[in-house]
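Trainee:
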DNA sequence: CCAAAAGTGTTTCACGTACACCCATGC
DNA sequence: GCATGGGTGTACGTGAAACACTTTTGG
């Protein structure tokens with residue numbers, strides 16, 4: 041049933057920039073719009089905030105509904121409210137960014153009713169609305185934050201090699217890192233648990249697997265520890 | 041005239057955490073509410089976003105209308121949208137924080153029709169709605185950001201002494217800093233212009249005045265420079 | 001002349017950075 | 001046996017941190 045208010049209200053939406061990482065580079069998950077405006081164009085997953093759900097819930101719901109992505113790292117990014125950012129009416133959107141383990145989510149995105157696909161973050165198609173700006177802000181946030189918060193692990197499988205971890209930082213920070221210095225640095229943090237396991241099915245010496253020790257990290261943070269890479 | 045929509049919409053507001061600095065400590069500007077709920081209680085300046093103004097404009101307008109504060113550093117903080125944060129109806133608020141030169145704004149705030157007052161940031165009265173949480177987030181942002189962005193200068197007069205600057209960092213970061221190391225560090229950044237002026241009317245040796253060289257800062261940023269204190 | 005804050009250098013230590021070779025494995 | 005990435009140590013330089021006394025000015 042319709043609702044009436046004394047003064048006009050902006051519509052409120054959420055949009056999500058979903059990042060994933062593969063062997064080659066950083067990816068962003070986009071959906072193809074099935075409505076005007078920009079019908080058929082690529083856009084960020086998102087939609088209207090229901091009046092009885094909070095913002096984080098709305099973002100998670102839209103992500104699940106439109107891309108099948110669920111139970112991932114999700115953090116509010118920035119709220120975009122420029123006049124005219126949506127040609128139909130005034131729409132304010134609370135943008136989020138998500139970090140997913142790409143291997144877990146490759147299939148769902150591709151097989152969803154709505155067409156969804158991963159694009160290299162530095163080769164995105166033209167995006168609807170102001171979504172290109174939102175992605176730019178999300179990238180900047182990710183680049184800034186990955187250095188002083190251990191969020192990079194959200195992009196990797198639970199067990200990973202040090203080379204995978206280094207590759208992650210190289211891709212996100214867009215610069216090469218020295219292998220020995222990188223390993224020295226991350227191991228000195230004492231946040232990685234060395235497993236008695238190695239990679240499988242590689243055509244060369246198998247690398248040791250590590251796991252991020254989240255319990256230990258939280259304990260150290262309480263003691264004033266600051267993650268930094 | 042009233043507006044009708046197919047689905048109910050949250051109300052959208054902006055709220056501002058205004059920081060100022062005096063000799064003693066960091067202050068926050070609050071207003072006394074003249075409407076229910078929390079009538080007579082202290083709250084952040086803020087109000088509804090008009091449908092024809094963008095978010096930054098709305099924040100600036102509310103700040104001007106409610107406190108007389110104008111032309112100050114203002115930056116979006118975070119958007120708060122928990123269910124029940126306003127007892128009347130669903131209200132989503134885009135929070136901002138502002139940094140003002142307290143001496144410029146002491147009078148207006150006190151003489152405005154609405155009662156406004158500065159409170160020490162660590163001794164705030166009970167606040168309406170979830171405003172205490174908003175202030176906490178703003179403080180965390182300020183503490184984090186002051187170290188790697190030259191925003192602290194927004195809290196000082198255009199000409200200031202190195203001791204004032206050090207005091208600023210000590211108050212915001214909540215820890216004492218070594219005088220010699222601090223001076224060495226800030227001067228090494230080459231962002232302060234040493235003036236041929238000293239403090240006036242002090243009962244001891246007058247300190248030299250400095251000015252933040254914003255042009256130089258912007259130029260250095262373009263060359264990849266990163267401010268850090 | 002006393003109170004109050006301004007101003008000034010050196011030493012030490014930790015950490016970031018640069019850098020090259022041998023090892024294990026699968027094919 | 002060869003191609004591919006895994007894994008390892010040292011030397012150097014920069015910058016952070018610790019630390020105390022003299023100078024200037026007004027009252």
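Residue numbers (the numbering used here), protein chains in the order written: chain Y, 41 to 269; chain V, 41 to 269.
C-beta: ideal position from N, C-alpha, C; glycine also.
No experiment lies behind these values; they were computed from the predicted model shown.
1) Between the C-alpha atoms of residue 205 of chain V and residue 62 of chain V, what's the straight-line distance to the nearest angstrom?
2) I need the straight-line Cα distance from residue 70 of chain V to residue 226 of chain V, nearest angstrom please.
3) With a cut-off of 9 Å, does the C-beta of residue 121 of chain Y fall near any C-beta of chain V?
4) Between the alpha carbons of residue 67 of chain V and residue 93 of chain Y, how many angstroms are there, rounded?
5) Would you list, in chain order, the members of the segment 42-66 of chain Y that have their beta-carbon closer than 9 Å to a beta-carbon of chain V?
6) Alpha carbon to alpha carbon, how far is residue 188 of chain Y from residue 80 of chain Y? Give it in angstroms, no decimals.
7) Pull up the distance between the alpha-carbon of residue 156 of chain V and that of residue 160 of chain Y, whole angstroms please.
8) Among all the DSSP beta bridges, which residues are the ones paired with residue 160 of chain Y?
9) Taking only beta-carbon atoms, is residue 105 of chain Y less than 9 Å away from chain V?
10) Are the segment 51-60 of chain Y and the segment 104-122 of chain Y touching by the rule of at least three beta carbon pairs closer than 8 Å?
11) Quick one: Cα of residue 144 of chain Y to Cα of residue 180 of chain Y, how far?
12) Using beta-carbon positions only, say whether residue 329 of chain V and residue 229 of chain V come within less than 9 Å of one another.
13) Looking only at its chain, what residues have a beta carbon closer than 6 Å to the beta carbon of residue 194 of chain Y, apart from the 5 residues adjacent to it on each side?
14) Thinking C-alpha only, which one of V:43, V:167, V:209, V:241 is nearest residue 186 of chain V?
15) With a threshold of 8 Å on Cβ separation, who are the neighbours of residue 238 of chain Y within its own chain once the five nearest residues in sequence on each side are excluded?
16) Which residues, in order along the segment 227-256 of chain Y, keep a beta-carbon less than 8 Å from a beta-carbon of chain V?
17) Pull up the distance between the alpha-carbon of residue 176 of chain Y and that of residue 224 of chain Y, whole angstroms please.
18) Residue 96 of chain V lies in the beta strand (DSSP E); which residues open and close that run?
19) Based on Cα-Cα distance, which residue from Y:78, Y:115, Y:216 lies nearest to residue 178 of chain Y?
20) Along chain V, in chain order, which residues have C-beta atoms closer than 8 Å to that of residue 91 of chain Y?
21) Does chain Y have any CB closer than 9 Å to the CB of residue 209 of chain V?
22) Once the 5 residues before and after residue 197 of chain V are set aside, which same chain residues still bring their CB inside 6 Å of it?
23) I'd like to check one pair, residue 95 of chain V with residue 134 of chain V: are the Cβ atoms closer than 9 Å?
24) Which residues mark the beginning and the end of the alpha helix (DSSP H) in which residue 203 of chain Y is found?
25) For the beta strand (DSSP E) containing residue 228 of chain V, name the first residue and the last one.
26) With 16 other CB atoms within 10 Å as the buried threshold, where does residue 171 of chain Y fall?
27) Can you confirm whether residue 94 of chain V, when its beta carbon is compared against all beta carbons of chain Y, has any partner nearer than 9 Å?
28) Does the beta carbon of residue 118 of chain Y come closer than 9 Å to any beta carbon on chain V?
Mentor: Once the coordinates are examined:
1) Looking up residue 205 of chain V in the second chain gives position 165. Looking up residue 62 of chain V in the second chain gives position 22. Using only the alpha carbons, I get a separation of about 12 Å.
2) Residue 70 of chain V sits at position 30 when you count from the first residue of the second chain. Residue 226 of chain V sits at position 186 when you count from the first residue of the second chain. Taking the straight line from one Cα to the other gives about 32 Å.
3) Working through the first chain from its first residue, we reach residue 121 of chain Y at position 81. Output row for residue 121 of chain Y: interface = yes.
4) Residue 67 of chain V sits at position 27 when you count from the first residue of the second chain. Residue 93 of chain Y sits at position 53 when you count from the first residue of the first chain. Between residue 67 of chain V and residue 93 of chain Y, the C-alpha separation is close to 34 Å.
5) 42, 43, 44, 45, 46, 47, 48, 49, 50, 51, 52
6) As a first step, residue 80 of chain Y is located in the first chain; it is residue number 40 there, counting from the start. As a first step, residue 188 of chain Y is located in the first chain; it is residue number 148 there, counting from the start. Rounded to whole angstroms, residue 80 of chain Y to residue 188 of chain Y spans 38 Å at the Cα level.
7) Position 116 of the second chain, counted from the start, is the residue given in the question as residue 156 of chain V. Position 120 of the first chain, counted from the start, is the residue given in the question as residue 160 of chain Y. So the two alpha carbons sit approximately 50 Å from each other.
8) Counting from one through the first chain, the residue named residue 160 of chain Y turns up at place 120. Answer by DSSP bridge pairing, in chain order: Y:67.
9) Locating residue 105 of chain Y in the first chain gives position 65, counting from the first residue. Residue 105 of chain Y does not count as touching chain V.
10) yes
11) Sequence index remark: in the first chain, residue 144 of chain Y carries index 104 (1-based). Sequence index remark: in the first chain, residue 180 of chain Y carries index 140 (1-based). Using only the alpha carbons, I get a separation of about 25 Å.
12) The question about residue 329 of chain V has no answer, for chain V in this structure spans 41 to 269.
13) By 1-based counting over the first chain, the position of residue 194 of chain Y is 154. Around residue 194 of chain Y: 113, 139.
14) Along the second chain, read from residue 1 onward, the residue named residue 186 of chain V stands at position 146. Nearest C-alpha to residue 186 of chain V: V:209.
15) The residue given as residue 238 of chain Y occupies position 198 in the first chain. Cβ neighbours of residue 238 of chain Y beyond the five flanking positions: 246, 247, 248, 249.
16) none
17) Taking the first residue of the first chain as position 1, residue 176 of chain Y is located at position 136. Taking the first residue of the first chain as position 1, residue 224 of chain Y is located at position 184. Near 32 Å, if we compare the C-alpha coordinates of residue 224 of chain Y and residue 176 of chain Y.
18) Indexing the second chain from 1 puts residue 96 of chain V at position 56. Segment 95-107 is the alpha helix (DSSP H) holding residue 96 of chain V; no beta strand (DSSP E) there.
19) In the first chain, counting from the first residue as 1, residue 178 of chain Y sits at position 138. For residue 178 of chain Y, the nearest C-alpha among the options comes from Y:115.
20) Taking the first residue of the first chain as position 1, residue 91 of chain Y is located at position 51. Going along chain V in sequence order, the residues near residue 91 of chain Y (Cβ under 8 Å) are 47, 48, 49, 50, 130.
21) Here residue 209 of chain V refers to the residue found at position 169 of the second chain. So no, residue 209 of chain V is outside the interface.
22) As a position in the second chain, residue 197 of chain V is number 157, starting the count at 1. Once the five neighbours on either side are set aside, the close Cβ partners of residue 197 of chain V are 141.
23) The count along the second chain starts at 1 and reaches residue 134 of chain V at position 94. The count along the second chain starts at 1 and reaches residue 95 of chain V at position 55. Taking 9 Å as the Cβ cut-off, residue 134 of chain V and residue 95 of chain V qualify as a contacting pair.
24) Here residue 203 of chain Y refers to the residue found at position 163 of the first chain. Residues 202-213.
25) What you label residue 228 of chain V is simply residue 188 of the second chain in a count that begins at 1. Element bounds for residue 228 of chain V: not the beta strand (DSSP E) but the alpha helix (DSSP H), 219-228.
26) Position 131 of the first chain, counting from 1, holds the residue named residue 171 of chain Y. So residue 171 of chain Y ends up on the buried side.
27) For the purposes of this step, residue 94 of chain V is identified with residue 54 of the second chain, where counting begins at 1. So, interface residue.
28) Against the first chain, residue 118 of chain Y aligns to sequence position 78. Closer than 9 Å: yes.
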